[in-house]
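Written out below as structure tokens is the structure these notes cover.
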Amino acid sequence: MDKETGKAFDYNLFKRLLAQTRPYRLTFYGVALAGILLTFFAVLTPYILRNIIDDAINVRDMDKLLILSFAMLGVLVGQVVFQLLFNYYANWLGESVIKDIRILLFKRMLGFRMKYFDNSSIGVLVTRAVADMQRIGEIFSQGFFTIVSDLLKMLAAASMMLWMNWRLSLLVFAILPIILYATRLFQKAMKVAFIEVRAQVSNLNSFVQERLTGMKIVQLFTREKIESAKFREINEKHQNAWLKTVWYNSFFFPVAEIVTSIAIGLVVWYGGLQNIANIEVDIAGTIFAFILYIEMLFRPLRQIADKFNTLQMGMVAANRVFKILDTDSRIQDDGTVQKTPVAGDISFKDVRFGYLEDEEVLHGISFDVRAGETVAIVGATGAGKSTIINLLNRFYEINSGCISVDGIDIRDFTLASLRKNIAIVLQDVFLFADTIANNITLKDESISKATIEEAAERIGVHEFINSLPEGY
35 MDKETGKAFD YNLFKRLLAQ TRPYRLTFYG VALAGILLTF FAVLTPYILR
85 NIIDDAINVR DMDKLLILSF AMLGVLVGQV VFQLLFNYYA NWLGESVIKD
135 IRILLFKRML GFRMKYFDNS SIGVLVTRAV ADMQRIGEIF SQGFFTIVSD
185 LLKMLAAASM MLWMNWRLSL LVFAILPIIL YATRLFQKAM KVAFIEVRAQ
235 VSNLNSFVQE RLTGMKIVQL FTREKIESAK FREINEKHQN AWLKTVWYNS
285 FFFPVAEIVT SIAIGLVVWY GGLQNIANIE VDIAGTIFAF ILYIEMLFRP
335 LRQIADKFNT LQMGMVAANR VFKILDTDSR IQDDGTVQKT PVAGDISFKD
385 VRFGYLEDEE VLHGISFDVR AGETVAIVGA TGAGKSTIIN LLNRFYEINS
435 GCISVDGIDI RDFTLASLRK NIAIVLQDVF LFADTIANNI TLKDESISKA
485 TIEEAAERIG VHEFINSLPE GY
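Residue numbers (my numbering): 35 to 506.
This is how it looks when you write it as structure tokens:
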């Protein structure tokens, strides 16, 4: 099972992610500024409402009511504008970052040795390039910026409450430890639950991808019922993992709502007593503002646990992706020889090779093939016939010995030059989701249409291709 844990905030990892935002530096700072201004407008709203009630409505001051109403309208418009800018550009930044990282990842995987793909699940790699990338994007769109904005909003709300009425503030702050403790428990539980979810998503992707790729084998050996049963088991684990997160959410948020309601009730009760006892006469507006500030203080606390999980899962995903980017499995392409075409003399000298370190497939094999010769290599399954072709193309590196073409060690050729001189008729046919012409040429624009049609005629498929609705 593909399980990994991670910190909710890994500074070194986040610093590496931040490096990916350099091309979008202005957008990054713009989103941060929009978050600050959004906080400023948000905390102004309850304060203006308090003044409308206490300083305008209660004393029947129409001029002040008009001025404060326009101020309120301006603040609300500002909130809407900066909320829109914040949401759009935070998401834009996240998508731009994952677009760049995805390109880096794909380029990196294109240069990996075949051995890496032999030892890696294709479904897991697809998950890294697709699902995990979305998690990384959420660090910016739903995680980091939102958490910072919420923390600023909470700090500003608490400051405004203390400034307006410290007695009511202390009453509210006395309730805070309860929700903080509940939030911490929720965050820990959700962290474990989401790691399980990501593991099950990865397992599900791997299973489906591998079975669809090998469907011919599944059907040939009548394994439909067996594979269906396995799929049901994996799918059920995936469902149970998600339901666990649903349960935690279903439990935590009602508890948080109850605690918030208790805080509001205490403020209304104590503020009412103060008013009845004539200790504070004009307190109605303050109570109303406190109700809004309590929501502003407690709601981010409820949401911040979820946002921390988003951040944490993004960090886990980023760690997985960067592990692939940091993998030292590239084919060494240090050669400088670019010879096209070659004469075609091939020589294997005392070549030893094994797919596993302690299991050799070729034991000191030596032979020469002169240009123009036709050579058949015969042997039992697993004897190393395909291995010889793989080594000639440098899909794998030999353990010892030397392979040369025209007397030049194949490691001295550039990979592009070496492979351009070798033609292989593959045992298994693979078609890309593209036109027939592009499948024949692999998008080599130097190959003319006439050459494509000539190749198709030679193998007897030209008429068949022309009979298709879209032809080549």
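Cβ coordinates follow ideal geometry from the N, Cα and C atoms, glycine included.
If only complete runs of 4 or more residues are kept, the stretch 145-172 shows the alpha helix (DSSP H) at 148-152, 156-163 and 165-172, in order along the chain.
A direct Cα-Cα distance of roughly 14 Å separates Q346 from A233. Buried is the label assigned to A90, since at least 16 other Cβ atoms lie within 10 Å of its Cβ.
For the pair of segments examined, the stretch 100-114 was found not to touch the stretch 138-154: the number of CB pairs separated by less than 8 Å stays below three. A residue is called buried when at least 16 other Cβ atoms come within 10 angstroms of its Cβ; L67 does not meet this threshold and is exposed.
If you draw a straight line from the Cα of T344 to the Cα of Q168, it comes to about 11 Å. At the C-beta level, M148 and F429 come within 8 Å of one another. In the structure shown, the three-state DSSP call for S363 is coil. Under the three-state reduction of DSSP, L210 is assigned to helix.
Collapsing the DSSP output to three states places K271 in a helix.
The beta carbons of I399 and I411 sit no closer together than 8 Å. Counting C-beta atoms within 10 angstroms of its own C-beta, I317 has 16 or more neighbours from the protein chains shown and is therefore classed as buried. Between T73 and S175, the C-beta gap is not smaller than 8 Å, which leaves the two residues out of contact. In this structure the stretch 426-440 touches the stretch 379-395; the number of beta carbon pairs closer than 8 Å is three or more.
Taking all protein chains shown into account, Q366 has fewer than 16 neighbouring C-beta atoms within 10 Å of its C-beta and is therefore exposed. For S438, the uninterrupted beta strand (DSSP E) segment begins and ends at S434 to V439. A distance below 7 Å between beta-carbons, with the five flanking residues on each side excluded, links A165 to the following residues of its chain, in chain order: V235. Taking 3 residues as the minimum length, the beta strand (DSSP E) runs contained wholly in the stretch 368-418 are 380-387 and 396-403, in order along the chain. Note that the C-beta distance between F220 and F179 is not below 8 Å. A direct Cα-Cα distance of roughly 9 Å separates R136 from V355. Here A190 has T73 and V77 as same chain residues with Cβ atoms under 7 Å from its own Cβ, once five neighbours each way along the sequence are excluded.
Assignment of F429 by DSSP, reduced to helix, strand and coil, places it in the coil class. Under the 8 Å Cβ criterion, the stretch 315-335 counts as touching the stretch 190-203, having at least three qualifying pairs. In the structure shown, D443 falls within a strand segment according to DSSP collapsed to helix, strand and coil. The three-state reading of DSSP puts V93 in coil, since its state is none of H, G, I, E or B. With contacts defined by Cβ atoms closer than 8 Å, N239 and G157 form a contacting pair. The beta carbon of E487 is closer than 7 Å to those of H496 in its chain, skipping five residues each way along the sequence. Counting along the chain, the unbroken alpha helix (DSSP H) around V182 starts and ends at F178 to M198. Segment contact: the stretch 466-486 against the stretch 390-406, fewer than three CB-CB distances shorter than 8 Å; contact not assigned.
One thing to note: V376 has its Cβ within 8 Å of the Cβ of N455. Annotated three-state conformation of A489 is helix, per DSSP. Membership of Y58 in any alpha helix (DSSP H) is not indicated, and neither H nor E is assigned to it by DSSP.
Taking a C-beta distance under 8 Å as the contact criterion, Y282 and M224 qualify as a contact pair.
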